[in-house]
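Take my numbering: the final residue in the sequence shown is number 494, and no numbers are missing along the way.
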Amino acid sequence: MNTGLYIHIPFCKSKCKYCDFNSYANMEKYTALYFSALLEEAEHYAKINPTVFDTVYFGGGTPTSVDIDLLCDSINTLRSVMKIHPDAEICAECNPGTIDYEGLKKLRLSGINRLSIGLQTTDDEKLKVLGRIHTLNDFNTCFENARRAGFDNISIDLMYGLPDMTIEDWSDTLDKVCSFGAEHISCYSLKIEDGTPFAKMQLNLPDDDLSADMYQLAVEKLNRFGYERYEISNFAKPGRESRHNLKYWHCDDFLGLGAGAYSCIGNHRFSNVSGLCEYIDAVNCCGTAIDWNSEESASDKMSEFMFLGLRCSQGVSYREFKSRFGCSFTEVFATPIKKYTDWGFLILEGDCLKFSDKGFFVSNTILADFV
Ligand code: SF4
Numbered sequence: 124m125n126t127g128l129y130i131h132i133p134f135c136k137s138k139c140k141y142c143d144f145n146s147y148a149n150m151e152k153y154t155a156l157y158f159s160a161l162l163e164e165a166e167h168y169a170k171i172n173p174t175v176f177d178t179v180y181f182g183g184g185t186p187t188s189v190d191i192d193l194l195c196d197s198i199n200t201l202r203s204v205m206k207i208h209p210d211a212e213i214c215a216e217c218n219p220g221t222i223d224y225e226g227l228k229k230l231r232l233s234g235i236n237r238l239s240i241g242l243q244t245t246d247d248e249k250l251k252v253l254g255r256i257h258t259l260n261d262f263n264t265c266f267e268n269a270r271r272a273g274f275d276n277i278s279i280d281l282m283y284g285l286p287d288m289t290i291e292d293w294s295d296t297l298d299k300v301c302s303f304g305a306e307h308i309s310c311y312s313l314k315i316e317d318g319t320p321f322a323k324m325q326l327n328l329p330d331d332d333l334s335a336d337m338y339q340l341a342v343e344k345l346n347r348f349g350y351e352r353y354e355i356s357n358f359a360k361p362g363r364e365s366r367h368n369l370k371y372w373h374c375d376d377f378l379g380l381g382a383g384a385y386s387c388i389g390n391h392r393f394s395n396v397s398g399l400c401e402y403i404d405a406v407n408c409c410g411t412a413i414d415w416n417s418e419e420s421a422s423d424k425m426s427e428f429m430f431l432g433l434r435c436s437q438g439v440s441y442r443e444f445k446s447r448f449g450c451s452f453t454e455v456f457a458t459p460i461k462k463y464t465d466w467g468f469l470i471l472e473g474d475c476l477k478f479s480d481k482g483f484f485v486s487n488t489i490l491a492d493f494v
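Here it is in structure tokens:
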């Protein structure tokens with residue numbers, strides 16, 4: 124089985140008010156040192172585990188906020204250091220207002236074949252409230268430039284449940300976004316994370332019922348425009364699912380490089396130190412920057428397989444579970460499976476256990492019972 128490669132680029136132009144990701148604004152002076160540490164870390168892993176990677180994902184942060192030549196050079200060097208499959212999906216996250224047509228063309232020529240653009244909402248006022256640096260117009264330009272530069276696989280990130288958002292606002296965002304004809308759309312509900320500016324503000328947030336209505340509207344509207352829900356928050360045109368993200372939900376192996384990056388290889392999980400300078404120093408010293416690692420037990424692995432697999436519309440395959448773990452999920456998870464199938468939230472269909480339509484609305488509660 125091939126492995127996924129995640130590369131964390133923790134630089135951003137400024138920090139959004141809801142963001143608790145491992146990202147830093149005004150740290151450009153460390154970019155060159157950071158990229159050189161990334162390549163050193165890649166060399167280290169290539170030596171000890173010369174696996175083939177069939178997906179590569181540059182996430183952040185904002186990968187397109189750094190010097191694009193540096194990003195493209197790093198892709199070329201990565202190819203010479205690690206075994207990247209010739210048909211690999213190579214995706215970069217991109218934020219409008221951080222890259223122009225020339226930059227996008229360079230990215231495409233360097234081998235990046237999928238872009239994930241963070242739009243969030245088409246409402247300029249709400250973008251300001253979120254602390255985003257772009258406008259809808261910046262997004263229009265970015266999307267058009269990306270198409271002209273040859274990107275035929277584009278995903279757009281959206282958020283619902285924003286402060287003061289009405290169902291009409293969300294409907295308007297969905298209509299506008301669908302008109303672009305991107306191959307993939309992700310819809311995430313805003314979560315207020317501790318330690319962010321939003322956590323200290325009095326915000327008028329939609330209640331749970333309104334948020335559920337917004338989710339339902341997304342499912343219906345995106346479906347009408349040809350997007351199938353293949354994971355709780357992810358919708359794709361046929362064949363355009365994110366191959367990289369599917370690896371997470373299918374519990375396949377992935378290696379993470381960069382500050383705070385997380386890896387899962389077999390039963391072994393490990394994560395890097397999250398600080399920018401801490402990461403650079405650790406790699407310069409030892410070739411890696413591992414902060415913690417652990418071995419997962421068989422029962423942890425089974426829970427994870429159910430917890431992540433059920434997020435996907437196709438659900439968890441009975442045969443796949445049995446071949447991985449040598450037992451059946453109907454025995455190991457008899458209690459939650461009985462409870463939620465009796466209530467109609469989970470269904471056993473053919474070889475698969477999956478959410479029913481109404482099950483998706485209470486997925487968090489149900490998934491918690493498999494942990
Ligand atoms: S652009 Fe993304 S990673 Fe950067 S601060 Fe905003 S939400 Fe966080």
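Each residue gets a CB set at the ideal place from its N, CA and C atoms; glycine is no exception.
Shortest gap from the CB of Asn-218 to any heavy atom of the ligand SF4: under 7 angstroms. Only residues of its own chain outside the window of five on either side were considered, and among them Met-425 have a CB closer than 6 angstroms to the CB of Phe-448, listed in chain order. The shortest C-alpha to C-alpha distance from Ala-412 to any of Asp-423, Ser-422, Ser-420, Ser-397 is the one to Ser-397. Of all alpha-carbon atoms in Lys-152, Asn-407, Ser-386, Thr-289, the one lying nearest the alpha-carbon of Asp-246 is that of Thr-289.
Every unbroken stretch of the beta strand (DSSP E) spanning 3 or more residues and falling wholly within the segment 208–274 is given here in chain order: 237–243.
For the ligand SF4, a non-hydrogen atom lies closer than 7 angstroms to the CB of Ser-146. Residue Gly-183 holds the alpha-carbon nearest to the alpha-carbon of Cys-142 among Glu-163, Gly-183, Asn-149, Gly-220. DSSP, read as helix, strand or coil, puts Tyr-338 in helix.
If you ignore the 5 residues before and after Val-252, its C-beta comes within less than 7 angstroms of the C-beta of Pro-286, all in its own chain and listed in chain order. Ranked by how close their Cα comes to the Cα of Ser-417, the residues Ser-394, Ala-335, Leu-340 have Ser-394 in first place. Taking a cut-off of 8 angstroms on C-beta distances, the segment 198–215 touches the segment 171–186, as three or more cross pairs fall below it. Taking the Cβ atoms as the reference, Arg-442 lies roughly 22 angstroms from Glu-419, outside the contact range of under 8 angstroms. Setting aside the 5 residues that flank it on each side, Gly-438 is surrounded in the same chain by Cys-475, Leu-476, Lys-477, each with a C-beta closer than 6 angstroms to its C-beta; the list follows chain order. In the DSSP assignment, Lys-152 is bridged to no other residue.
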